[in-house]
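According to our numbering, the sequence shown is numbered sequentially starting from 22.
Beta carbons: idealized from backbone N, C-alpha and C, even for Gly.
Written out below as structure tokens is the structure these notes cover.
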Amino acid sequence: MACRRHGGAGRSQMTGPFGGWDVVASNLHVQADQPSQLLRDGQRAALFALADRLPQNGVLIADEVGMGKTRIAACLTNAVVSAGGRVAVLIPPGLGFQWQREFRAVGQGNVPSILRSYGAYREIWSEKPSKKPWFREPILLASHAFLNWRLGINSAQWRWEQLRAMRSIWKNLRPAEDEDARVACAAGDICAYLKAQASAPGGEQIARIAEALFEHSPAKDYGDPTQYEVTGPMRGHLEQAICLGLGQFDLVIIDEAHKGRATESKLSVLIDRLWLGENARRVGLTATPVELDSNQWLQTLCRIGVCEEEHAVLNGKIERYQHSVGALRSCWRTNAGARDTYVEAAHDFQTGLSQYALRRDKRSDPMVQTFASRTGESHDAYRRLHEINIDVMRLPIEWRQAVCAAEALSFTASGTDDLTTKRLRLTIGNGHGIASQLDQVMHYYEDDSKQDEADEEIATHLAGIAPLQSLDGMPKRQQRTKWWYEKLQRVSNAKQNGGIFNHPAILSAVKTIEEEVSKEEKVLVFGRYTRPMRALVALLNARAMLRALETGTPWPQAKLPDGDDDDARLALRAAWHQFGNVEALNEEEVDRQLGEQFKHYENIHRRLRAHLFERISEGLVANEGRERALLDKAREDGSDAIVVASLVRAISEMMEGENADDCIACAKAFRDLVAAVQASEDPDQDTSKEQDAEDKGAITPPQIESLWLQLKTRLSEEYGTTRGGHARLMYGGTKHETRRLLQAAFNRPQSNPKVLVAQSVVGREGLNLHEACRIVVLLHPEWNPGVVEQQIGRVDRMGSRWEREMERFNGAPSEAPRIEIRPIVFSGTYDEHNWQVLQKRWDSLRAQLHGIVVPTRERATATDAEHEIIRALDESAPNFSPEKEALS
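See below:
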């Protein structure tokens with residue numbers, strides 16, 4: 022295959038020589054001073070603070086979840102590129118489209134899609150003339166998992182031979198006869214680039230790197246695929262060679278910098294492999310630089326390049342502060358000495374870390390300040406933690422036995438090595454309580470695989486889980502474990518009395534959710550295992566359908582699903598009896614009622630369809646060429662009744678509760694639908710990048726044809742069947758385009774779903790679910806307070822429903838709107854103890870990150886004198902806010 026050579030252009034042909042950090046600082050000042058809607062005051066202050074710090078060292082941007090860290094990082098990237106520098110942004114897979122949008126917002130509209138694999142890396146060395154080599158791109162987006170390759174004896178040759186190809190060119194040797202053409206092209210371009218860099222002033226660094234790669238190993242090792250296995254001696258050399266092809270960077274931004282903290286993690290290795298300029302800086306972004314223990318501060322600071330000598334100094338200040346917080350908790354009311362020690366330690370802690378850490382938290386949020394002013398409560402009280410308690414003694418006997426079995430398993434599962442009990446041990450080791458243990462017996466290995474990976478990582482950190490022991494000599498323990506496990510299975514899987522649909526945690530969640538939905542609230546639920554989460558969704562939909570049939574409210578379903586064991590049918594039978602009906606459900610009658618009411622539902626759609634295209638067209642603005650072209654394609658396909666019906670249903674659901682005659686509302690619903698549905702199979706692709714920022718109409722007919730085919734497929738998959746969408750599930754197997762559709766619909770106040778049930782590992786990052794929701798239910802409460810912060814952060818963000826309600830609020834202080842957190846806890850069991858431990862860990866995290874040393878629950882009963890003590894402690898708490906710094 023012929024390939025296009027890109028040549029060995031030096032850096033000056035890409036971005037020009039890097040002007041240095043003083044120039045970057047000047048650029049940051051210019052951006053911060055510009056009148057613009059892009060930045061809030063706190064973000065402007067952060068840019069000024071970055072300008073002060075980056076000339077000396079790297080920085081950790083540790084803003085609380087939802088306060089706009091990515092926008093700050095995009096502005097910083099802009100400042101570095103404008104100074105002639107290059108930036109690498111390392112992000113978790115799945116967040117690429119969000120970063121692309123932030124870059125577009127600040128004027129960087131040509132950033133390549135996220136680099137996720139070596140296959141994508143070599144793809145640019147092809148016959149297509151439109152792509153530049155990576156080392157010519159001023160901005161690189163790369164996945165945390167970019168170096169996560171599996172190589173060995175059976176790997177395709179092109180996957181491991183780039184190092185050998187580069188060595189041949191560098192040393193002027195004959196290339197291998199069977200060398201892959203794209204690998205040869207890549208090696209030629211990269212080596213030409215490296216030689217140009219090595220011959221330039223200051224090129225000694227790359228000369229040393231090349232010598233280490235190409236001179237120190239026997240020649241035969243370069244052609245041996247086994248040398249490139251994960252622990253192989255040549256693996257690091259190959260990773261280094263491929264990263265050299267990305268070019269030299271002046272700034273590395275690490276998003277979610279708390280992930281993969283271990284030095285051997287793929288993210289840590291990637292950071293080490295990148296080729297950095299002599300004065301390069303690292304900037305980390307994370308809302309949770311510390312989650313479980315204070316030593317994580319040092320791991321996170323290491324990410325931004327803090328040296329080992331400084332570690333020792335900082336470690337002393339971090340530990341002293343942590344100890345002072347622990348000592349103060351039990352005696353803050355009475356021990357003045359402990360308070361003085363805390364104040365001094367807090368000052369040292371802030372002084373030590375302030376050069377490296379910036380954190381805007383809710384203390385500086387204008388709406389949180391408004392809440393504190395109007396209610397007279399502390400700023401953290403805008404969040405309300407209210408447990409959903411389950412009284413075990415009031416449960417039916419079979420569920421009391423199940424709780425006993427779950428408690429017993431926490432003891433008997435230790436030390437066994439079969440897969441089931443290992444899962445139980447991880448569940449218990451992670452500190453998850455009774456609800457998680459009850460649901461462990463319904464674990465689906467395929468659906469729950471992503472959650473399993475997260476559990477393994479956390480459990481290893483928490484407990485240092487040792488290799489599993491042999492069962493030899495422990496048959497009795499194994500038998501006890503099996504007996505209790507089977508006891509748990511019998512209850513959870515029993516079809517009589519509703520089985521899983523009468524699970525006490527599910528019923529408690531249903532009661533709370535329905536109470537909130539009846540007040541026109543939306544509810545976000547987090548769980549861990551898909552089976553109980555599916556059951557919760559099915560039961561909520563079944564109960565909502567029965568209510569709709571009783572009240573004559575239209576329901577988007579013409580008949581019950583086929584199959585006697587379908588979850589929807591089983592849930593419907595359980596719901597029927599939960600409503601107090603003794604006799605069996607007449608499912609034929611339900612089918613008849615569904616069919617009758619569905620005619621009314623179809624009539625609504627028929628009326629909407631009659632003028633839908635005209636109303637959408639009237640509501641679109643002049644430069645929305647993409648939307649207009651897609652609307653025309655929909656008109657052309659008007660003969661396809663299924664496609665048009667799916668489109669009408671989608672628009673109808675997006676507009677639920679709005680005036681169907683409103684052209685602006687119709688156009689907005691269509692626009693939101695297109696933006697969500699257009700998501701590609703690649704979750705990191707920016708769905709708007711084919712539109713120029715100033716000319717949204719610039720889109721070609723082939724692009725329109727492709728988008729319309731994509732839109733039709735998504736409409737058919739998502740809206741082609743008629744089932745109630747009152748509650749929906751999002752888990753590891755949910756397609757990324759479906760996730761965006763769910764996000765768009767959940768963020769519209771009146772449309773379904775009213776309830777979104779999300780698997781923790783999937784829903785806690787990368788999704789903004791705040792526009793219509795302020796309530797979070799924790800079906801399986803987490804052990805890690807950092808994870809809980811991420812979950813709450815889905816609804817506690819800038820522009821949230823809570824902010825809008827608080828802005829309009831004019832009632833009694835006790836009635837002020839709040840972010841509601843509702844964990845499900847089995848009272849009187851280990852669950853309750855576990856929840857108390859989580860709260861203590863959460864208190865520790867808040868003390869370090871939020872400046873809250875006296876927990877909210879203790880403030881409510883404080884006397885006036887104690888409130889004065891609290892005020893003094895709050896004022897002395899560490900505060901890394903750039904806004905406070907700007908005022909001082």
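query: How about Y363 and L894: do their beta carbons lie closer than 8 Å?
result: Yes.
query: Taking the alpha-carbon positions, what's the C224 to I263 distance?
result: The identity of residue 224 in the sequence shown is Gly, whereas the question assumes Cys. G224 and I263: Cα-Cα distance of roughly 19 Å.
field: Alpha carbon of A688 to alpha carbon of K532, nearest angstrom
entry: Near 36 Å, if we compare the C-alpha coordinates of K532 and A688.
field: Secondary structure of L914, DSSP reduced to three states
entry: Absent from the structure is residue 914, since the part of the chain shown begins at 22 and ends at 909.
query: beta strand (DSSP E) containing D276: first to last residue?
result: Where D276 is concerned, the enclosing beta strand (DSSP E) stretches over Q269 to D276.
task: Whole angstroms is fine: what's the gap from L335's alpha carbon to N900's?
output: Straight across, the Cα-Cα distance linking L335 with N900 is about 16 Å.
task: Give the single residue among R795, I813, C794 and G520 whose Cα lies nearest to the Cα of E803.
output: With distances taken between Cα atoms, E803 lies closest to I813.
Segment contact, 8 Å Cβ cut-off, at least three pairs: the region 111-130 with the region 415-427: No, they do not touch.
- request: To the nearest angstrom, report how far apart G421 and H598 are at their CA atoms.
  value: For clarity, residue 421 is Arg in the given sequence; the question names Gly instead. Cα-Cα distance, rounded: 21 Å.
message: Is it buried or exposed, A231, if we count other Cβ atoms within 10 angstroms and call 16 or more buried?
response: With 16 or more Cβ atoms within 10 Å of its Cβ, A231 is classed as buried.
query: Is it true that the CB of A837 sits closer than 8 Å to the CB of F392?
result: Judged by their CB atoms, F392 and A837 are nearer to each other than the 8 Å cut-off.
task: Rank H747, G849, E299 and L615 by C-alpha distance to the C-alpha of Q771 and give the top, closest one.
output: Ranked by Cα distance from Q771, the options H747, G849, E299 and L615 are led by H747.
message: Classify R892: buried if its beta carbon has 16 or more other beta carbons within 10 angstroms, exposed otherwise.
response: So R892 counts as exposed.
message: Any heavy atom of the ligand SAH closer than 7 Å to the beta-carbon of P154?
response: This structure simply doesn't include the ligand SAH, nor any ligand for that matter.
field: DSSP three-state assignment for D412, whether helix, strand or coil
entry: If DSSP states are grouped into helix, strand and coil, D412 belongs with the strands.
- request: Give the DSSP-derived three-state secondary structure of I135 in the structure shown.
  value: DSSP places I135 in coil when its eight states are reduced to three.
- prompt: Helix, strand or coil: which one does DSSP assign to C323?
  reply: Under the three-state reduction of DSSP, C323 is assigned to helix.
Where N900 sits in the DSSP three-state scheme: Coil, per DSSP.
- request: Classify D707 as helix, strand or coil using the three-state DSSP reduction.
  value: Note that D707 has pLDDT 43, beneath the 50 cutoff, so the model's placement of it is unreliable and no number is given.
task: Return the chain-ordered list of same chain residues with a C-beta closer than 8 Å to the C-beta of L652, the five sequence neighbours on each side being excluded.
output: If we look at L652 and ignore the five residues flanking it on each side, its Cβ neighbours are F634, I637, S638, L641 and F691.
task: Report all residues from its chain with a CB closer than 8 Å to the CB of I174; omit the five preceding and five following residues, and keep chain order.
output: If the five residues before and after I174 are omitted, its C-beta is found closer than 8 Å to the C-beta atoms of P246 and T247, all from its own chain and listed in chain order.
message: Need the endpoints of the alpha helix (DSSP H) that R843 sits in, please.
response: Annotation for R843: no alpha helix (DSSP H) segment contains it, though the beta strand (DSSP E) segment containing it runs I840 to S848.
query: Taking C-beta to C-beta, are M751 and A779 nearer than 8 Å?
result: Against a cut-off of 8 Å, the Cβ pair of A779 and M751 comes out as a contact.
query: Grouping DSSP H, G and I as helix and E and B as strand, with all else coil, what is F235?
result: In the structure shown, F235 adopts helical secondary structure according to DSSP, grouped into three states.
task: For L489, count neighbouring C-beta atoms within 10 Å of its own C-beta (all shown protein chains included) and say buried if the count is 16 or more, exposed if not.
output: Below a pLDDT of 50, predicted positions are generally treated as unreliable, and L489, at 34, falls in that range; the measurement from the model is reported next regardless. Taking all protein chains in view, the Cβ of L489 is surrounded by fewer than 16 other Cβ atoms within 10 Å, so the residue is classified as exposed.
- prompt: Distance, Cα to Cα, W863 vs D382?
  reply: Rounded to whole angstroms, W863 to D382 spans 15 Å at the Cα level.
field: Which residues DSSP lists as bridging I82, in chain order
entry: Per the DSSP secondary-structure output, I82 pairs in a beta bridge with L306 and L379.
task: Compute the beta-carbon to beta-carbon distance between L136 and A163, rounded to the nearest angstrom, for a pair I have assumed lies under 8 Å.
output: Confirmed, Cβ separation roughly 4 Å.
- request: Could you pull out every residue in the same chain whose Cβ sits closer than 8 Å to the Cβ of G849, ignoring the five residues on either side in sequence?
  value: Closer than 8 Å at the Cβ level, and outside the excluded window around G849, lie D412, V413 and M414.
- prompt: With distances taken from CA atoms, which of D612, E604, A67 and E260 is nearest Q376?
  reply: If you compare the alpha carbons of D612, E604, A67 and E260 with that of Q376, the shortest gap goes to A67.
query: If we call anything under 8 Å between Cβ atoms a contact, is L81 one with A308?
result: Contact annotation: L81 and A308 have beta-carbon atoms that are not nearer than 8 Å.
- prompt: How many angstroms separate the CA atom of I292 from the CA atom of E853?
  reply: Distance between the alpha carbons of I292 and E853: 41 Å.
Cβ neighbours of E841 in the same chain (closer than 6 Å, five flanking residues each side left out): These residues qualify, in order along the chain: R405 and I796.
message: Closer than 8 Å is the cut-off here; do at least three beta carbon pairs connect the region 39-47 with the region 102-115?
response: Because the criterion of three Cβ pairs below 8 Å is met, the region 39-47 and the region 102-115 touch.
message: Using 8 Å as the threshold, is the C-beta distance between I339 and R303 below it?
response: 8 Å or more divides the Cβ of I339 from the Cβ of R303.
- request: Answer with buried or exposed for I663, where buried requires no fewer than 16 other C-beta atoms within 10 angstroms of its C-beta.
  value: A residue is called buried when at least 16 other Cβ atoms come within 10 angstroms of its Cβ; I663 does not meet this threshold and is exposed.
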